[in-house]
Amino acid sequence: MIPAIEVRDVSFGQDGSPILDSVSLSVMEQDMYALIGPNGGGKTTLLKIILGLLPARSGTVRIYGKSPGEGRQIVGYVPQFRTFDFRYPITVKEMVLSGRLSHTRGMLRRYREEDHAAVRKVLERLDLSGLAGRTLSHLSGGEQQRAILARALAGNPRVLILDEPTVYVDTPTAFQFFDILDELKRSMTILLVSHDIGVISRHVTKVACLNHTLHTHNTPEITEDMIAATYHCPVDLIAHGLPHRVFDDHGGEEGQ
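What follows is the structure, encoded as structure tokens:
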């Protein structure tokens, strides 16, 4: 079976500083694969290399056996929440429709009926049909999050890549979002970066820890030893950079 995403011996550096060192990763079809690790450890850089937005210094990336450029149409991408300016006067439908740009043709890049049909379908799937005409600034955080996801899904991807999708929402909304991802993974492969360890451990199928080098774990279980080894600090220091005990001392459940 060809992996949905295959990264082999990828290295990358910037301004003379190494960011990724011989990283290898295989994500199989219908995996929900999580990358965790400290800020500056190379997680977003690795995603951008997989997406073809950055060139690797060495190594190879394949998406269903194709290069990132060739596989672009089968990949949906949810970038970090902070990259969006929700004050921009655009409606939910217009934003989601922009996710069909890679499927348009001709110099004018005009949308066709099949593009509008795909948007209607994904709006209904994410319970956004009633908000289609509303501007992004008039949405709640959870609604904005679903609108960003809908944009990534509008192109009917086989692979969905998400960078910190729940970092600016509360815990109940984060759990609701991962419930959506649970449903999506039945029909696509998901690779995500997250610091919400207590949330992702309930949903993902595999975890890899990235701090310049990659340590893979073919299990969704996230242990104290795994976290301490990756973040190079005690477990109770690493949740969003704030003092917080992620696991208790008797069985690894989420702290309060």
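Here my numbering runs 3 ahead of the position in the sequence shown, where the first position is 1. Note that CB positions come from ideal geometry on N, CA and C, so glycine has one too. Note that the structure is a prediction, hence the values are computed from the model and not measured.
With DSSP as the reference, label residue 236 as helix, strand or coil.
-> Because the pLDDT at residue 236 is just 49, under 50, the model does not fix this residue reliably, and the value given afterwards should be weighed accordingly. In the structure shown, residue 236 sits in coil (DSSP, three-state: anything other than H, G, I, E or B).
Residue nearest to residue 10 in terms of C-alpha spacing, selected from 74, 75, 28 = 28
Whole-Å CB distance - residue 122 paired with residue 157, under 8 Å assumed | About 6 Å separates the two Cβ atoms, so the contact holds.
Below 8 Å, can you find three or more Cβ-Cβ pairs linking the stretch 174-190 to the stretch 81-101?
-> no
Would you identify the three-state DSSP class for residue 288, choosing helix, strand or coil?
-> Residue numbering for the chain in the displayed model covers 4 to 259; residue 288 lies beyond these limits and cannot be assessed.
Leaving out five residues on either side along the sequence, give the residues of the same chain with a beta carbon under 7 Å from the beta carbon of residue 17.
-> Taken in chain order, the list of residues that qualify is empty.
Within 8 Å, strictly: CB atoms of residue 30 and residue 5 | no
Opening and closing residue of the alpha helix (DSSP H) in which residue 48 lies | Start and end: 46-54.
Taking only the alpha-carbon atoms, compute the straight-line gap between residue 119 and residue 94 and give it to the nearest angstrom.
-> 14 Å
Does the stretch 79-86 touch the stretch 158-168, meaning 3 or more C-beta pairs lie closer than 8 Å?
-> yes
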